[in-house]
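Letter by letter, the sequence shown follows residues 179 to 450 of this note's numbering.
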Amino acid sequence: MSIIDISMLMLCGGIAGFLAGLLGIGGGMILVPFMIIVFNHLGFSQEVIVHMAIATGMATILFTTTSAIWAHHKHGSIDWRLVATLSPGLVVGSLIGGSEIFEAINTSWLSLFFAIFIVYTSIQMIINKKPTAGRELPGTVGLFSFGAFTGVIASLLGAGGAFITVPFMLWCNVKPHTAMASSSGLGFPIAAAATIGYMYGSWGNPNLPAGSLGFVYLPAVLCIVAVSIFTAPLGAKMARKLNIAQLKRIFGVMLFMLAAFMFNESRIAFGY
């Protein structure tokens, strides 16, 4: 990689790590469009470039969430019992999605799916509408089923799952700050299982470049993680001081621009 490629990845890693701690998101939605630019510059095969960007972004969440988890844990914000109950379903769903479904999806459809996801997330952040607490948390079977569904969707999008888990927890009367902090704890099992699934499902793919473990491109992971592990705790610290609602609206507008890029990638992949 050139100095420009490395610098872009490190900058994105710093931003993604900060947002992971600040807003409880994994950062993949920020990283994927920029990694596509870098991977295009490196001449990677168009057959795998979107898959690699999503899988590599998910792999970085392993490190980003670890840093954010520790920051939230020190303040007692994470509900570890809820994390432990949801994790088995998240692991199963993420493994299935990452190993069995992810590679089977065509690049053009994956780009479109990701773009729609960014638009949905941006709208949710702009309106900042919290679901009305209408019930208590379901039992073990209900939490496992919800976790499995979340794991599958998150693994296809390279996301930490907060876009599903936070609204669910709020709907089930979990306090907002606890829900956002706990989403960091839930992001780790999703990222771990999905990353294993990505590597297993794509092992031996002839289109993959040197330096890859399946769809995960290790040099990019190192560049991003080298910065994100330091900025994630800063984001978690700022989350207790700033007006998060306003920040979410600003971030939501930024996401629309990233969505436009992904829609264009999908258009190119479809041949239009």
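Beta carbons: idealized from backbone N, C-alpha and C, even for Gly.
If you're wondering where the values come from, they're calculated on a predicted model, not measured in any experiment.
Reduced DSSP category for residue i - H, G, I as helix; E, B as strand; rest coil
i: leucine 209; result: helix
i: leucine 153; result: Summary: the structure shown does not reach residue 153, with the chain confined to residues 179 through 450, and so no result is reported for it.
i: glutamine 224; result: coil
i: methionine 186; result: helix
i: glycine 336; result: coil
i: glutamate 281; result: coil
i: arginine 445; result: helix
i: arginine 313; result: coil
i: serine 180; result: coil
i: histidine 253; result: coil
i: glycine 325; result: helix
i: leucine 433; result: helix
Residue i to residue j span [Cα, whole Å]
i: leucine 348; j: leucine 433; result: 23 Å
i: alanine 438; j: serine 360; result: 31 Å
i: isoleucine 342; j: leucine 209; result: 19 Å
i: alanine 262; j: isoleucine 374; result: 20 Å
i: alanine 326; j: isoleucine 227; result: 27 Å
i: glycine 365; j: glycine 338; result: 5 Å
i: serine 223; j: phenylalanine 393; result: 12 Å
i: valine 270; j: glycine 192; result: 30 Å
i: leucine 386; j: lysine 353; result: 44 Å
i: tryptophan 258; j: asparagine 284; result: 37 Å
i: arginine 445; j: leucine 290; result: 8 Å
i: leucine 264; j: phenylalanine 322; result: 6 Å
i: lysine 419; j: lysine 252; result: 16 Å
i: glycine 382; j: serine 272; result: 21 Å
i: leucine 400; j: glycine 317; result: 39 Å
i: leucine 315; j: cysteine 350; result: 5 Å
i: threonine 328; j: phenylalanine 212; result: 25 Å
Span of the alpha helix (DSSP H), counted from its first residue to its last, around residue i
i: serine 360; result: 354–379
i: isoleucine 274; result: 258–274
i: proline 350; result: A small correction: the amino acid at residue 350 is cysteine; proline does not occupy that position in the sequence shown. Here cysteine 350 belongs to no alpha helix (DSSP H), and DSSP marks it neither H nor E.
i: methionine 416; result: 396–416
Close-in-space but distant-in-sequence residues of the same chain around residue i (CB under 8 Å, 5 per side omitted)
i: valine 216; result: Met179, Asp183, Met186, Leu187, Ala398
i: glutamate 225; result: Thr285, Asn385
i: isoleucine 256; result: Ile247, His250, Thr356, Ala359, Ser360, Ser362, Gly363
Within 8 Å, strictly: CB atoms of residue i and residue j
i: glycine 254; j: valine 405; result: no
i: isoleucine 368; j: phenylalanine 292; result: no
i: leucine 334; j: isoleucine 279; result: yes
i: alanine 388; j: methionine 236; result: no
i: glycine 276; j: glycine 379; result: yes
i: methionine 207; j: leucine 391; result: no
Spatial neighbours of residue i in its chain, beta-carbon cut-off 7 Å, leaving aside the 5 residues before and after
i: isoleucine 274; result: Val330
i: phenylalanine 241; result: Val403, Ser406, Ile407
Close beta carbons around residue i, own chain, < 6 Å, minus the five adjacent residues each side
i: alanine 357; result: Val344, Met347, Leu348
i: alanine 414; result: Gly199, Ala246, Ala249, His250
i: serine 300; result: Gly430, Leu433, Phe434
i: methionine 416; result: Leu200
i: histidine 229; result: Phe393
i: alanine 332; result: Gly339, Ile368
i: leucine 288; result: Val228
i: phenylalanine 441; result: Ala293
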